[in-house]
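K.L.:
All letters in the sequence shown, in the order written, are residues 1 to 251 by this note's numbering.
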Amino acid sequence: MKRWTPMLTLLTGSGMAAVLFTMSAQAAPPAAQPDPGAAATASASAAPPAAPAAPAGEAPAADVPEPSATRPAATSPPAAPPGPGDAGTPERRVDGNWTGRLDNGATIAISVEAGAAVAYVCDGTRLEIWLRGTATDGDLALTGKEGARLTGTVEAGRAAGELVVGERRWRFTATATAERAPVLYRATARVRDAGVDGGWIMRPDGTQIGVVTWNGEPVAAPPLDPAFGTTIVRGVRITAEPVIPGPVAGG
1 MKRWTPMLTL LTGSGMAAVL FTMSAQAAPP AAQPDPGAAA TASASAAPPA
51 APAAPAGEAP AADVPEPSAT RPAATSPPAA PPGPGDAGTP ERRVDGNWTG
101 RLDNGATIAI SVEAGAAVAY VCDGTRLEIW LRGTATDGDL ALTGKEGARL
151 TGTVEAGRAA GELVVGERRW RFTATATAER APVLYRATAR VRDAGVDGGW
201 IMRPDGTQIG VVTWNGEPVA APPLDPAFGT TIVRGVRITA EPVIPGPVAG
251 G
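1) Starting from F172, follow the beta strand (DSSP E) in both directions and report where the run begins and ends.
2) Following the continuous beta strand (DSSP E) through P218, name the residue where it begins and the one where it ends.
3) Report the three-state DSSP secondary structure of G144 (helix, strand or coil).
4) For a test of the three-state rule: what should DSSP assign to I129, helix, strand or coil?
5) With DSSP as the reference, identify every bridge partner of T151, one or two as the case may be.
6) Go to L184, then tell me how far its beta strand (DSSP E) extends in each direction, as first and last residue.
7) So is V183 buried or exposed if we call it buried at 16+ other beta carbons inside 10 Å?
8) Could you check whether the region 198 to 215 touches the region 147 to 157, counting it as contact only if at least three pairs of C-beta atoms, one from each stretch, sit closer than 8 Å?
9) Which word fits T272, buried or exposed, when buried means at least 16 other C-beta atoms lie within 10 angstroms of its C-beta?
10) Could you tell me the boundaries of the beta strand (DSSP E) in which I232 lies?
11) My output table needs one value for L224: the three-state DSSP class, helix, strand or coil.
12) Closer than 8 Å by C-beta to R192: which residues in its own chain qualify, once you throw out the five before and the five after it? Chain order, please.
13) If we ignore side chains and look at the alpha-carbon of each, how far apart do V233 and W200 end up?
14) Apart from the five residues just before and just after V219, which ones in its own chain have a Cβ nearer than 6 Å to its Cβ?
15) Can you give me the C-alpha to C-alpha distance between D139 and R180, rounded to a whole angstrom?
16) Using the beta-carbon count (16 or more within 10 Å), is I125 buried or exposed?
17) Please classify D205: does DSSP put it in a helix, a strand, or coil?
18) Applying the 10 Å Cβ sphere with the 16-neighbour rule, what's the burial state of G161?
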């Protein structure tokens, strides 16, 4: 009996230790486990609230643009109005005939039609100059032999300007003729191996003045019959034609 006593005591102690370990494990609180519901709640609270759904039958409203998107685009400044020389301004056209005098006493006649101009200057003895050019918007610009230049202006009733030949300058004024009958005539021919070039101005009072150059020699022009355009020069009948604005033969 004494032999089994220590063994019983050891077994009893081991059994009580096992009972105490089991009771201690059951009494300890369980380890914390992540809660899926709590995580979902936290995510929902962090996200911004969703926009309310549009009522049935209504289209969703369009996004409102930022203020910078609605700012009007820059526009170009308006075009400047046309100037005096632009195509929008109609050209001032003056057609007609003018006769007058230079300040040296010579006679001048000017004829203008559709922007073309022709002029003739003579003193009835030796001086004669033919010029041709343009009359643009009332401004005269004509040229002739030996660098002759005529500039000035023409209006419905009057013409005025300057004639320049080399170093010589003369002012002129002229008055419009009442009738549109030609005021300038010219004859060019070759007779007896001599060149003939004659010019006439028909004045408003019915008188004439002109110069005929015969083989390079200027002489006073004999009266011209305007009905037939003929005259006699040194016993030879020659015919003159009305001069209209434009190129002039031999000018």
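Where is the CB? At the ideal position from N, CA and C, for every residue including glycine.
Computed from a predicted model, the values in this text were never measured in an experiment.
P.N.:
In short:
1) For this step, residue 172 is matched to residue 172 along the sequence shown. Looking at the DSSP string, the run of the beta strand (DSSP E) that includes F172 is 168 to 176.
2) Here the question's residue 218 lines up with position 218 in the sequence shown. Note, P218: beta strand (DSSP E), 217 to 220.
3) Taking the sequence shown and counting its residues from 1, the one referred to as residue 144 is at position 144. Strand, per DSSP.
4) As a first step, residue 129 is located in the sequence shown; it is residue number 129 there, counting from the start. I129: strand per DSSP, three-state reduction.
5) Numbered from its first residue, the sequence shown carries residue 151 at position 151. Answer is A141, E162.
6) Position 184 of the sequence shown, counted from the first residue, corresponds to residue 184. Segment 184 to 191, the beta strand (DSSP E) holding L184.
7) Taking the first residue of the sequence shown as 1, we reach residue 183 at position 183. Its Cβ being crowded by 16 or more others within 10 Å, V183 is buried.
8) no
9) The structure shown does not extend to residue 272, since the chain is modelled only from 1 through 251, so no value can be given for it.
10) Residue numbering aside, residue 232 sits at position 232 when the sequence shown is read from its first letter. That run of the beta strand (DSSP E) goes 230 to 233.
11) Here residue 224 refers to the residue found at position 224 of the sequence shown. Coil at L224, not helix or strand.
12) The residue given as residue 192 occupies position 192 in the sequence shown. Cβ within range, chain order: V236.
13) For the purposes of this step, residue 233 is taken as residue 233 along the sequence shown, with counting starting at 1. For the purposes of this step, residue 200 is taken as residue 200 along the sequence shown, with counting starting at 1. Taking the straight line joining both Cα atoms gives about 13 Å.
14) One-based indexing of the sequence shown puts residue 219 at position 219. So the list reads V212, once near-sequence residues are dropped.
15) Mapped onto the sequence shown, residue 139 falls at position 139. Mapped onto the sequence shown, residue 180 falls at position 180. Approximately 20 Å between the Cα atoms of the pair.
16) Translated into the one-based positions of the sequence shown, residue 125 becomes position 125. At residue 125 the sequence reads Thr, which differs from the Ile that was named. Flag for T125 reads exposed.
17) Within the sequence shown, the letter at position 205 stands for residue 205. DSSP places D205 in coil when its eight states are reduced to three.
18) On the sequence shown, position 161 is the one that residue 161 refers to. That one is buried.
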